[in-house]
Amino acid sequence: MQAQVMGWMERIGRIAPTVRLALGPHAGDLRLDRRRVYILPSRAGLLFGLALVTMLLTAVNYALALGYGLTFLLAGVGLVSMLHTWRNLVGLTLRAGRAEPVHAGELAELSLIVQNPRGPERFAIELTVPGTAQPTRIDVSPATEQLVTVALPTERRGWQSLPRLRLSTTFPLGLWRAWAWWHPQARILVLPRLETPASPMPESGAAGTERAGRGEEDFAAIRPFREGDSPRRLAWKAMARSGGDALLVREFEGGSGGQLLLDWQSLPPGLDPELRLSRLARWIVDAEAAGLSYGLRLPGVALELDAGPAHRAACLEALAVAQV
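Letter by letter, the sequence shown follows residues 125 to 448 in this note's numbering.
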């Protein structure tokens, strides 16, 4: 009995590395070798096999030589199609690109590259992402690569690991389904949700910020609204006087409206931590759009006054990974 148990343990030990190889996260490029591609009959293949069995029994019962020949011919076609289905995936190289950070609740777009380094053209390869209704179907010519963009749902802030993806094919006859699992070792940065509706950024001395800047005396001109402008700078009176549908914003001299120091501790103490992060994220986005210099203070994190896309990204990342 003990010998049998030891034998089973040894077998499991030999199989475990293969299972981890197939199912675990994979860093870098992944080549689909024969150990990673699985194949089974499809629903159509099972019906085809049942039809062959029926034809064989009929040929045996009535001693039909033509029935034998047709049955074995179709069986040979089915076996050859199995080889072609399997070879349609074997040898492909997979690579995951970089996904841009998105706010929680938005769809993250991830770029995936499927490369066919050599061999015949690969047809009707389906890439399935968990939680999506329809797979993405691609063809890959020899010595080329195909770029695929998939949308992944996001729910909570922080670093989100990629799910296991499945590549499958039923080419050429649909009698067999070959598939392989791919778990890219990549992550997507999910930023906090932006507070909606946005709370106005407090003036100097109000909770949450320290603000020192120019007032209305620095007003320079009225100009058309551009993407990224803060809604707080809309010129409502000017739009009412113009009578048109175009949005107008106020522009200030020097391209800067002042300075903001966004402090976690200065927000209302009864506010939920996630709502605090959402409010701070909204203020950072609005401050950048308004041309302000802003800093951020979180428990254990301090980012000095600055502005620009890099500073905005650093502040939002600090909010995304904050331990509060």
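The beta carbon of each residue, even a glycine, is placed where N, CA and C say it ideally should be.
Could you give the C-beta distance for W306 and L154, rounded to a whole number, given that I count them as a contact under 8 Å?
Confirmed, Cβ separation roughly 6 Å.
Sub-7 Å separation of R281 and A444 beta-carbons
Their beta carbons are under 7 Å apart, which means R281 touches A444 by this criterion.
Nearest-angstrom Cα distance between P254 and P287?
Near 7 Å, if we compare the C-alpha coordinates of P287 and P254.
Terminal residues of the beta strand (DSSP E) in which L315 lies
From DSSP, the beta strand (DSSP E) with L315 extends over R311 to L315.
Could you check whether R242 and M250 sit closer than 7 Å to each other, using their CB atoms as the reference points?
The question names Met, but residue 250 is Glu in the sequence shown. The answer is no: Cβ separation not under 7 Å.
Within the continuous alpha helix (DSSP H) that includes D396, where are the two ends?
Element bounds for D396: n/a, residue is neither H nor E.
Could you tell me the distance, in whole angstroms, from the CA atom of A322 to the CA atom of L391?
One C-alpha to the other measures close to 15 Å.
Which whole-angstrom value describes the C-beta separation of R158 and V238, a residue pair presumed to lie in contact below a C-beta threshold of 8 Å?
In fact, because the Cβ distance is near 18 Å, the residues do not count as touching under 8 Å.
Looking only at its own chain, which residues have a Cβ that is under 8 Å from the Cβ of E224, when we skip the five neighbours before and after it?
Correct list, in chain order: A232 and E233.
Using beta-carbon positions only, say whether T268 and N212 come within less than 7 Å of one another.
Contact: no.
With a threshold of 6 Å, establish whether the CB of Q284 neighbours any heavy atom of the ligand ZN.
With respect to the ligand ZN, the structure offers nothing, as it holds no ligand at all.
Taking the C-alpha atoms as reference points, what is the distance between P259 and Q270?
P259 and Q270 have their alpha carbons spaced roughly 15 Å apart.
Secondary structure of P433, DSSP reduced to three states:
It is helical.
Assuming contact is defined by CB atoms lying nearer than 7 Å, are V373 and A364 in contact in what I supplied?
Judged by their CB atoms, V373 and A364 are not nearer to each other than the 7 Å cut-off.
Where W300 and D430 are concerned, what is the direct C-alpha to C-alpha distance, given to the nearest angstrom?
Approximately 59 Å, taken between the alpha carbons.
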